[in-house]
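Asker:
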Amino acid sequence: MNRCIPVAVMDRLRLVVGLCVCALLWTSVPVDIAGATERSDVKRVLLLHSFGREFRPWSEHARSIKATLERLSPWPLDIQEHALLTARFNNPGPEAPFVDYLNSLYHGRPPDIVLSIGAPAARFVQKYREELFPETPMILTVVEQRLVNRVDLTDNDTVISVRNNFLAAFKNVLQVMPETQTIAVVIGASALEKFWLEELKRELKPLENRVALVYYADLPFTEILKRASALPPHTVLFWGLMSVDAAGVSHEGDLALRSLHAVANAPIFSYQEAFFDPETVGGPMHSIAETSEQTVNAAIRILGGEKPGNIKVEPIEFSAPKFDWRQMRRWGINQSNLPPGSEVLFREPDVWEQYRWPILLIAAVILIQAGLISGLLHERRRRRLAEVESRQRLAELAHVNRYSAAGELTTSIAHELSQPLGSILTNTETADLLLKGTSPDLAEVREILADIRRDDQRASEVIRRLRSVLKKTPFEVRDIDLNNTVREAIGLVEAVTDRRGIALRFAAASGDLYVKGDPVQLQQVILNLIINAMDAISDADDKEREVNISTARLNAHAEIKISDTGPGIVVADIRCIFNPFFTTKAQGLGMGLAIARTIVEAHRGEISAANQVSGGALFVIKIPLALAQSSTA
Ligand code: ADP
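Residues in the sequence shown are numbered consecutively from -13, following the numbering used here.
1. My parser needs the alpha helix (DSSP H) runs of 4 or more residues fully inside the segment 309 to 372; what are they?
2. Any chance the segment 430 to 440 sits against the segment 467 to 481, with 3 or more Cβ pairs inside 8 Å?
3. If you run the structure through DSSP and keep just helix, strand and coil, what is residue 122?
4. State the beta-bridge partners of residue 227 as determined by DSSP.
5. Indicate the three-state DSSP secondary structure (helix, strand or coil) for residue 256 in the structure shown.
6. According to DSSP, simplified to helix, strand and coil, what is residue 426?
7. So, is residue 43 buried or exposed, given that buried needs 16 or more other C-beta atoms within 10 angstroms?
8. With distances taken between CB atoms, is the gap from residue 537 to residue 503 smaller than 9 Å?
9. Excluding the five sequence neighbours on either side, which residues of its own chain have a C-beta within less than 8 Å of the C-beta of residue 19, listed in chain order?
10. So, for residue 413: in the same chain, excluding its five sequence neighbours on each side, which residues have a beta-carbon less than 6 Å away from its beta-carbon?
11. Are the beta-carbon atoms of residue 127 and residue 277 separated by less than 9 Å?
12. Thinking just about the alpha-carbon of each residue, which of 542, 594, 550 and 521 is nearest to the one in residue 569?
13. With distances taken between CB atoms, is the gap from residue 272 to residue 304 smaller than 9 Å?
14. For residue 227, which residues of its own chain have a beta-carbon under 7 Å away from its beta-carbon, when the five flanking residues on both sides are left out?
15. For residue 298, which of 307, 291 and 280 has the nearest alpha-carbon?
16. What runs of the beta strand (DSSP E), each 3 residues or longer, lie entirely inside the segment 39 to 98?
17. Expressed to the nearest angstrom, what Euclidean distance is found between the alpha-carbon atoms of residue 404 and residue 482?
18. For the segment 150 to 169 and the segment 133 to 141, state whether three or more C-beta atom pairs, one from each stretch, are separated by less than 8 Å.
19. What do you get for residue 222, buried or exposed, if any count of 16 or more other CB atoms within 10 angstroms of its CB means buried?
20. Determine the DSSP secondary structure at residue 162, reduced to helix, strand or coil.
21. At a threshold of 8 Å, does residue 547 count as lining the ligand ADP (C-beta to nearest heavy atom)?
22. For a test of your reading of the model: does the CB of residue 519 fall under 8 Å from any non-hydrogen atom of the ligand ADP? Yes or no.
23. Who does residue 271 pair with in a DSSP beta bridge?
24. Please look up how many angstroms separate the CB atoms of residue 490 and residue 451, rounded, as I've assumed it's under 8 Å.
25. If you follow the alpha helix (DSSP H) that residue 599 is in, where does it begin and where does it stop?
26. Taking the C-alpha atoms as reference points, what is the distance between residue 27 and residue 97?
27. Is the separation between the beta-carbon of residue 476 and that of residue 512 shorter than 9 Å?
28. Three or more C-beta pairs under 8 Å: does that hold for the segment 213 to 220 against the segment 251 to 266?
29. Where residue 23 and residue 210 are concerned, what is the direct C-alpha to C-alpha distance, given to the nearest angstrom?
30. Are three or more beta carbon pairs between the segment 575 to 593 and the segment 605 to 612 nearer than 8 Å?
31. Below 8 Å CB to CB, which residues in the same chain sit around residue 333 once its five sequence neighbours on both sides are set aside?
32. Give the DSSP bridge partners of residue 566, in chain order.
33. According to DSSP, simplified to helix, strand and coil, what is residue 27?
34. Any idea if residue 613 is buried or exposed, counting beta-carbon neighbours within 10 angstroms, 16 or more meaning buried?
35. Taking 8 Å as the cut-off, is the C-beta of residue 490 nearer than that to any heavy atom in the ligand ADP?
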């Protein structure tokens, strides 16, 4: 005893501990009672597998039955599973130890229901019912109706059987793949498999003339794999069962089917949905959902108190055919060959289904873009046509304008022509006189003839120039030397300037000055500007009378300057002199500068007007140099 604690305190401590223990006992009693009540509600289910827990198709049926039962049962469940592994061997050992084991587990506390999966498990529970579960209701499920032991059935049993319709399954193969010539059946050599081999042969008799049936029942599985990997064309494999092969080797779970699928060079068919994904092609098969639904339905009724013997279920047939789209694609199976009402599963969405929205979006963008492009092309074509038309109009207008300019030059042209013509006449008369003489000086006559020829050439030149400026030509662009163009234009007006006492000076840029242009139209521009300059100077009296023309190369442009010593342009008019019909002259038309600007702009150039500080107007034209020139400039 701890001497540090007084006796009174110790008494109080004892009291508190005592109260706590009482409280604990008090609260634990109802919990235990509640637990006992719950447990009395629990239904104990014994699930007995035939070939082990992972042996298809039974494993798939068992899994589905268990899951459906857990989902639909109104009671809490205690499901215990056992596997009758002995069914997997050719010479099963004694069953007694397994019976003892089950007896030790369930003696005195039998399950509420026994569910046997597959024929071997059904046979086992029927054989040992008295010893193991004499009063327990039983459901013998997933048993082929031919294997049901009806003799030993009691009132306490319900049978959920299936019917293997091999003929229908094989006919399906021939319908789906009509070119099939051989069907190789994969089946083992256990007692059960031997039974099914005989049944298959008997049932498939009607097909013997239609297709060659080969049975691999007497081959070791390794040999079956070898053959399956090198089958001739138009051969199909049919998967029966492989628990023990002809060499006595027993096979684990569904490994055998997976190995066959891995090596086979032909499609594999079967009659069990459990083999469907991903190894077999499909067809009419036993539906896992249907057998488990029927089994669970019966189980719930029995657990609810119904007599098992009263529950009668017809053997379950194959369900509606199902096919694996991936297998169909692999083996080239046409959808039109499938029996009516078939369901195609695992269909991979095609590109359209997978990328519908991006495709639609891209198509919309392309359409919009195509629309825009065609709109722009149309617009461009319209502009081109308009440009062509406007050029044509310009050419016509320019032509008219040239006529009016030529009109102004008529006097000077006449003068220019009369000079050589007059000389020709005088020279001809002189030559005539000389020849009439007794001893004509032939050397002189020859000189006179040379003069006549020169004067004739001068006259022809005047006429050529006039004709060239007056000819009606469409706008036609070529490489031209601007210096030459200016010189030609000057040639046309020289006589006029001489007569009016105006000095016409031309300072040409050194070398060629090539631009892309129409020589007649550019000549017309220069002619117009010179005539305007002359007109301006005529008005001014006592000043220097000069028209200066120069050409120059400026970066990528050719430049023409035309200045005069006239009074210049009225400052307020500078803005409008390029407008059509603007004139300050009594007889003026006001079209010269408007046409000049249109022509220059058609050459991608520009024209400007200003007054010089020293007096007089200055017109500047800039035209892009031809490509070859601009790159060397
Ligand atoms: P028009 O010669 O029939 O008048 P233009 O279009 O050739 O038509 O000229 C328009 C106007 O620009 C002229 O009337 C004149 O007032 C002015 N102009 C043109 N060149 C000169 C110049 N060198 N000096 C002064 N004014 C000019």
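Backbone N, C-alpha and C define an ideal beta-carbon position, used for all residues, glycine too.
Answerer: Put simply:
1. Secondary structure remark: continuous alpha helix (DSSP H) runs of at least 4 residues inside the segment 309 to 372, in chain order: 311 to 317 and 337 to 340.
2. The segment 430 to 440 makes no contact with the segment 467 to 481, as fewer than three CB pairs between them are under 8 Å.
3. DSSP places residue 122 in coil when its eight states are reduced to three.
4. For residue 227, which the question treats as bridged, DSSP gives the partners 173.
5. Note: residue 256 maps to coil in three-state DSSP.
6. Three-state result, residue 426: coil.
7. Residue burial annotation: residue 43 is buried, with at least 16 other C-beta atoms found within 10 angstroms of its C-beta.
8. No Cβ-Cβ contact shorter than 9 Å links residue 537 with residue 503.
9. With a pLDDT of only 38 at residue 19, under 50, the local geometry of the prediction cannot be trusted, and no value is derived from it.
10. Excluding positions up to five away in sequence, the list reads 434, 437 and 438.
11. Remark: C-beta atoms of residue 127 and residue 277 approach each other more closely than 9 Å.
12. Looking at the Cα atoms, 521 is the closest of the given residues.
13. Going by C-beta atoms, residue 272 is nearer than 9 Å to residue 304.
14. Cβ contact annotation for residue 227 (same chain, cutoff 7 Å, sequence separation greater than five): 173, 174, 179 and 182, in chain order.
15. The candidate whose alpha carbon is nearest that of residue 298 is 280.
16. Runs of the beta strand (DSSP E) spanning 3 or more residues and lying entirely within the segment 39 to 98 occur at 63 to 69, in chain order.
17. The straight-line gap separating the alpha-carbon atoms of residue 404 and residue 482 is approximately 14 Å.
18. Below 8 Å, too few C-beta pairs join the segment 150 to 169 and the segment 133 to 141 to call them touching: fewer than three.
19. Per the 10 Å Cβ criterion, buried.
20. Helix at residue 162.
21. For the ligand ADP, not one heavy atom lies less than 8 Å from the Cβ of residue 547.
22. Yes, the Cβ of residue 519 comes within 8 Å of a heavy atom of the ligand ADP.
23. Paired residue(s): 305.
24. No, residue 490 and residue 451 are not in contact; Cβ-Cβ is about 15 Å, not under 8 Å.
25. It is not in any alpha helix (DSSP H) - residue 599 carries neither H nor E in the DSSP assignment.
26. In a straight line, the C-alpha of residue 27 is about 13 Å away from that of residue 97.
27. Contact: yes.
28. Verdict: yes, contact present.
29. Here the model assigns residue 23 a pLDDT of 41, short of 50, so the residue's position is not dependable, and the following value carries that caveat. Going by the C-alpha atoms only, they are around 58 Å apart.
30. Put simply, the segment 575 to 593 touches the segment 605 to 612. At least three CB pairs are less than 8 Å apart.
31. Excluding positions up to five away in sequence, the list reads 311.
32. According to DSSP, which records beta bridges pairwise, residue 566 is partnered with nothing at all.
33. When secondary structure is reduced to three states using DSSP, residue 27 falls in the helix class.
34. Label assigned to residue 613: exposed.
35. Taking the Cβ of residue 490 as the reference point, every heavy atom of the ligand ADP lies at 8 Å or farther away.
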